[in-house]
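This report refers to the structure that appears directly beneath it.
Number of protein chains: 2
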Amino acid sequence: MVTIKDISEACGVSTATVSKALNGYGDVGRATADLIRETAKKMNYYPNAAAKQLKTSVSHNIGVLFIDETCCGLTHEFFSEILNSAKTEAERLGYDITFICKNIAGREASFLEHARYRKCDGVLVASVDFKSQAVQDLVYSDIPTVSIDYVYNDRSSVLSDNVEGEYELTKYLIEHGHRRIAFIHGESTSVTDKRLSGFYRACEENGIEVPDSYIMESRYHDIESCRDTVKILMDQKERPTAIIFPDDYSYIGGRQGLEEMGLRIPEDVSVVGYDGIRLTRALSPKLTTYYQDTVEIGIRSVRKLIDIIENPKTSIAEQIKVQGRIQEGKTVKDLLQ
Amino acid sequence: MVTIKDISEACGVSTATVSKALNGYGDVGRATADLIRETAKKMNYYPNAAAKQLKTSVSHNIGVLFIDETCCGLTHEFFSEILNSAKTEAERLGYDITFICKNIAGREASFLEHARYRKCDGVLVASVDFKSQAVQDLVYSDIPTVSIDYVYNDRSSVLSDNVEGEYELTKYLIEHGHRRIAFIHGESTSVTDKRLSGFYRACEENGIEVPDSYIMESRYHDIESCRDTVKILMDQKERPTAIIFPDDYSYIGGRQGLEEMGLRIPEDVSVVGYDGIRLTRALSPKLTTYYQDTVEIGIRSVRKLIDIIENPKTSIAEQIKVQGRIQEGKTVKDLLQ
DNA sequence: TATGCTTCCGAAATCGTTTTCGTACCTCAA
DNA sequence: TTGAGGTACGAAAACGATTTCGGAAGCATA
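Here the protein sequences line up with chains A and B, keeping their order.
Quick note: the first sequence uses our numbering, first residue 15, plus one each step.
Quick note: the second sequence uses our numbering, first residue 15, plus one each step.
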């Protein structure tokens, strides 16, 4: 491995000068600096990350908290797309990505300890149990964090606008003449709360009263759960004319359930999803859904995180909302025609 | 941050002794070692990764080469499942995972340079352009590597048995009475070659001649491409009775294409996929496919990599084959009944 | 008592950087 | 000539760990 010392010898200067030249400090002569930089390139020099980190305590490494307790973290298309986009953006900006976990060299540790151990400059928090103590310890530590799709007090986050999204989606149904709209939502989380609020707002604004039996809890990204729930939902005399599913993936289950009951989409009942993952374009009938801009979410969260890292003084905690949009498919019947 | 020095002071011993006690060296007294370990735990000590790495040149960090040039690396369920499983296993064994890319702190570099910069103990090579020079430079360096689904000379790899898999799948079709079998394969890669070879072997063994027009090239994980290809394929007078798709995801497109031609599955034509991703269980009709054990692939590749890292002398280069199995759905019609 | 062997521990060098502070030299005005 | 001020560079001390090597103590044996 070629070190700073090799370069210093090759150039006949001290290691201090080499370091300064390579890092663009002012107090080194123009000619010397040029020579050093050229020699470094010629000798194929790359700094030793460990030494640099040891001395400066910055690692150019961002951690990602992306735990798969439900076994669908990484394999959930929504999250893997975000991760993919975040990875690309981070690399472009010169940061590496390391997964944070609860192991340090084989020994049990907390997320925070792990992040410290690896000296992560910052951590992206996504797809975890946001309310758990372990995660909160990390978020409220001195390590910069950005959370995705969840808001912590005084911390930055990037969110798709769930209130607005569900509001738009509901309004879309209403504009197509639906007034008996059911909402199968996911587990109780802040995301769920927001979607519910957007849903209710759209209903209220249009003078629609929603019977309790139209609101059912299922689970995100769970085919079976949605299939069963939809059956219970549709087993009442005053059936809804439209159903909102927790997400696109649930549509697969919902569709099965409806089919087993002999109900056709959209002739007998209209449905919409949420996420706009690629998959939906492929299912038939093509699902009408609310597209979340995963690429944008990934990019914005990394940029914000790096902003906090590099400008700790001026960077402010903020909630960055990423707009989505209705993606029309063929699962909503227009009752007004 | 609590360092080894703090512990040494608290215990009234030297830092050398602390280090030795914590690393289980023999030449430290029983009582002293116990005291040191207890104190370390009490003071919530964790070693400084950078310092450790600087001194020992081992990082407990494994790199993952997982490039997304085709924009489907991470979001391809097959790979994201492998990554997920590899991540879990690596963490269990005390290793962290970092993505390898072509950027070092903002400066352009090669994969190899990046891996050296981060002092990766080893690298998992998956889902890249295996034949590119940059990847080969890395694989044939002194850094331990394990490749997934691709074999390099004298290097270890973990593969699903593609020859056997496609052979089994073809035999399954033949056993169900099919003799006019078409194969839409993916881009030309070593995986494709193996699958073709398994396919041909099964045909030969059963005295089946395959017309050239039954072999068509499409692309992996590409809905549109498969949809178009299947239309061309079925636009000939002597139509096949069964089609093998490049993978499960392609089934979505293939199904569309067939539907648009008014062909029903499996009444008019039988189809099979490859991979066995979760999605297939949800599509209807449920796809008959060859399940690849992604969890096992992830685990085995990490274990092998760590074996090479920790036992460089005794570990031998080998190809580890992971068995899959036929996963029966409802897309193959039994012509013999 | 002298000798040799263990056992236990510490001093100090080292890994490859960064960074402070001092110094030598030069320039220029008074 | 002197002194102030600026520029260019280097010596050396860190950062937090590991590891070599030597030495002190304790004990048994001759």
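Glycine included, every Cβ here is placed at the ideal spot set by N, Cα and C.
Note that the structure is a prediction, hence the values are computed from the model and not measured.
Going by C-alpha to C-alpha distance, which of His90(A), Gly26(A), Ser94(A), Val142(A) sits closest to His235(A)? Translated into positions along the first sequence, residue 235(A) becomes position 221. The shortest Cα separation from His235(A) among His90(A), Gly26(A), Ser94(A), Val142(A) belongs to His90(A).
Considering Cα atoms alone, identify which of Ile330(B), His190(B), His74(B) is closest to Val137(B). One-based indexing of the second sequence puts residue 137(B) at position 123. Answer by Cα proximity: His74(B).
To the nearest angstrom, report how far apart Ser100(A) and Gly312(A) are at their CA atoms. Position 86 of the first sequence holds residue 100(A). Position 298 of the first sequence holds residue 312(A). The identity of residue 100(A) in the sequence shown is Ala, whereas the question assumes Ser. Their Cα atoms are separated by approximately 4 Å.
Using a Cβ-Cβ cut-off of 8 Å, state whether Thr29(B) counts as contacting chain A. For the purposes of this step, residue 29(B) is taken as residue 15 along the second sequence, with counting starting at 1. Taking 8 Å as the CB threshold, Thr29(B) stays off the interface with chain A.
On the criterion of 16 or more Cβ atoms from any shown chain inside 10 Å, does Val72(B) qualify as buried, or is it exposed? Walking along the second sequence from the start, residue 72(B) turns up at place 58. Exposed, because fewer than 16 other Cβ atoms sit within 10 Å of the Cβ of Val72(B).
Own chain, CB closer than 6 Å to Ala331(A), minus 5 neighbours either side, in chain order: Residue mapping note: residue 331(A) aligns to position 317 of the first sequence, counting from 1. Cβ neighbours of Ala331(A) beyond the five flanking positions: Asp168, Arg169, Ser170.
Listed by chain order, chain A residues near Thr112(B) by CB distance under 7 Å: In the second sequence, counting from the first residue as 1, residue 112(B) sits at position 98. Per Cβ cutoff of 7 Å: Asp110, Ile111, Thr112.
Leaving aside the five residues before and after Val177(B) along the sequence, list all residues of the same chain whose C-beta is less than 8 Å from its C-beta, in chain order. Here residue 177(B) refers to the residue found at position 163 when the second sequence is read from its first residue. Cβ neighbours of Val177(B) beyond the five flanking positions: Lys208, Arg209, Ser211, Gly212, Arg215.
Sub-8 Å separation of Val205(B) and Asp163(B) beta-carbons: Reading the second sequence from its first residue, position 191 is the one you call residue 205(B). Reading the second sequence from its first residue, position 149 is the one you call residue 163(B). For Val205(B) and Asp163(B), yes; Cβs fall inside 8 Å.
Starting from the C-beta of Cys85(B), find all residues in its chain whose C-beta is less than 6 Å away, skip the five residues before and the five after it, and write them out in chain order. For the purposes of this step, residue 85(B) is taken as the residue at position 71 of the second sequence. For Cys85(B), the predicted model reports a pLDDT of 47, less than 50, meaning its position is unreliable; a value from the coordinates is still stated below. Taken in chain order, the list of residues that qualify is empty.
Looking at chain B, which residues of the region 262 to 290 of chain A have a Cβ within less than 9 Å of any of its Cβ atoms? Tyr263, Ile266, Gly267, Arg269, Gln270, Glu273
Residue environment, Asp151(B), which counts as buried when at least 16 other CB atoms sit within 10 Å: If you number the second sequence from 1, residue 151(B) lands on position 137. Asp151(B) is exposed by the Cβ-count criterion.
Just checking, does the region 283 to 299 of chain A make contact with the region 316 to 331 of chain A on the three C-beta pairs under 8 Å criterion? no
So what does DSSP say about Glu324(B), is it helix, strand or coil? Locating residue 324(B) in the second sequence gives position 310, where the first residue counts as 1. The answer is helix: DSSP assigns Glu324(B) an H, G or I state.
In chain order, which continuous runs of the alpha helix (DSSP H) of length 4 or greater are located wholly inside the region 229 to 280 of chain A? 237 to 247, 262 to 274
With C-beta atoms as the reference, is Ser232(B) less than 8 Å away from Ala256(B)? Here residue 232(B) corresponds to residue number 218 of the second sequence, with the count starting at 1. Here residue 256(B) corresponds to residue number 242 of the second sequence, with the count starting at 1. For Ser232(B) and Ala256(B), no; Cβs fall outside 8 Å.
Starting from Gln147(B), trace the beta strand (DSSP E) both ways and give me its first and last residue. The count along the second sequence starts at 1 and reaches residue 147(B) at position 133. Looking at the DSSP string, Gln147(B) is not in any beta strand (DSSP E); the run it does join, the alpha helix (DSSP H), is 147 to 153.
The region 52 to 73 of chain A: which residues have C-beta closer than 9 Å to a C-beta of chain B, in chain order? Asn58, Tyr60, Pro61, Asn62, Ala63, Ala64, Ala65, Lys66, Gln67, Leu68, Lys69, Ser71, Ser73
Extract the residue ranges of the alpha helix (DSSP H) inside the region 147 to 197 of chain A, only unbroken runs of 4 or more that lie entirely within it. Counting only runs of 4 or more, we get 147 to 153, 176 to 189.
Using a Cβ-Cβ cut-off of less than 9 Å, list which residues of the region 236 to 249 of chain B approach chain A; keep chain order. Ile237
Asp135(A) classed as buried or exposed, judged by whether at least 16 other C-beta atoms fall within 10 angstroms: Residue mapping note: residue 135(A) aligns to position 121 of the first sequence, counting from 1. Counting Cβ neighbours within 10 Å, Asp135(A) comes out buried, since at least 16 surround it.
Range covered by the beta strand (DSSP E) that runs through Lys335(B): Locating residue 335(B) in the second sequence gives position 321, counting from the first residue. For Lys335(B), the enclosing beta strand (DSSP E) starts and ends at 333 to 336.
Endpoints, alpha helix (DSSP H) assigned at Asn75(B): Numbered from its first residue, the second sequence carries residue 75(B) at position 61. Not the alpha helix (DSSP H): Asn75(B) falls in the beta strand (DSSP E), residues 75 to 79.
Contact list for Leu173(A) against chain B, beta-carbon separation under 9 Å: Position 159 of the first sequence, counted from the first residue, corresponds to residue 173(A). Under the 9 Å cutoff, chain B gives no residues; its nearest Cβ is about 21 Å from Leu173(A).
Helix, strand or coil for Ser33(B), going by three-state DSSP, please let me know. Mapped onto the second sequence, residue 33(B) falls at position 19. Correct three-state label for Ser33(B): helix.
Who are Phe113(B)'s beta bridge partners in DSSP? Translated into the one-based positions of the second sequence, residue 113(B) becomes position 99. When DSSP reads this structure, Phe113(B) sits in a beta bridge with Val78(B).
Quick check on Gly136(A): does DSSP put it in helix, strand or coil? Within the first sequence, the letter at position 122 stands for residue 136(A). Gly136(A) falls in the strand class under three-state DSSP.
Backbone CA spacing between Ile198(A) and Ala63(A) [nearest angstrom]: Indexing the first sequence from 1 puts residue 198(A) at position 184. Indexing the first sequence from 1 puts residue 63(A) at position 49. The C-alpha of Ile198(A) lies about 50 Å from the C-alpha of Ala63(A).
Thinking just about the alpha-carbon of each residue, which of Val286(B), Gly26(B), Asn37(B) is nearest to the one in Arg339(B)? The count along the second sequence starts at 1 and reaches residue 339(B) at position 325. Nearest C-alpha to Arg339(B): Val286(B).
Using only the alpha-carbon positions, how far apart do Lys300(B) and Ile279(B) sit? Position 286 of the second sequence, counting from 1, holds the residue named residue 300(B). Position 265 of the second sequence, counting from 1, holds the residue named residue 279(B). So the two alpha carbons sit approximately 10 Å from each other.
Closest by CA to Cys217(A), which one among Met230(A), Glu342(A), Lys185(A)? Position 203 of the first sequence, counted from the first residue, corresponds to residue 217(A). Nearest option by C-alpha distance: Lys185(A).
Going by DSSP, which residues form a beta bridge with Ile340(B)? Working through the second sequence from its first residue, we reach residue 340(B) at position 326. According to DSSP, which records beta bridges pairwise, Ile340(B) is partnered with Tyr304(B).
Start and end residues, alpha helix (DSSP H) containing Val205(B): Sequence index remark: in the second sequence, residue 205(B) carries index 191 (1-based). Start and end: 204 to 219.
For a test of the three-state rule: what should DSSP assign to Ser315(A), helix, strand or coil? As a position in the first sequence, residue 315(A) is number 301, starting the count at 1. In this structure, Ser315(A) counts as helix in the three-state DSSP scheme.
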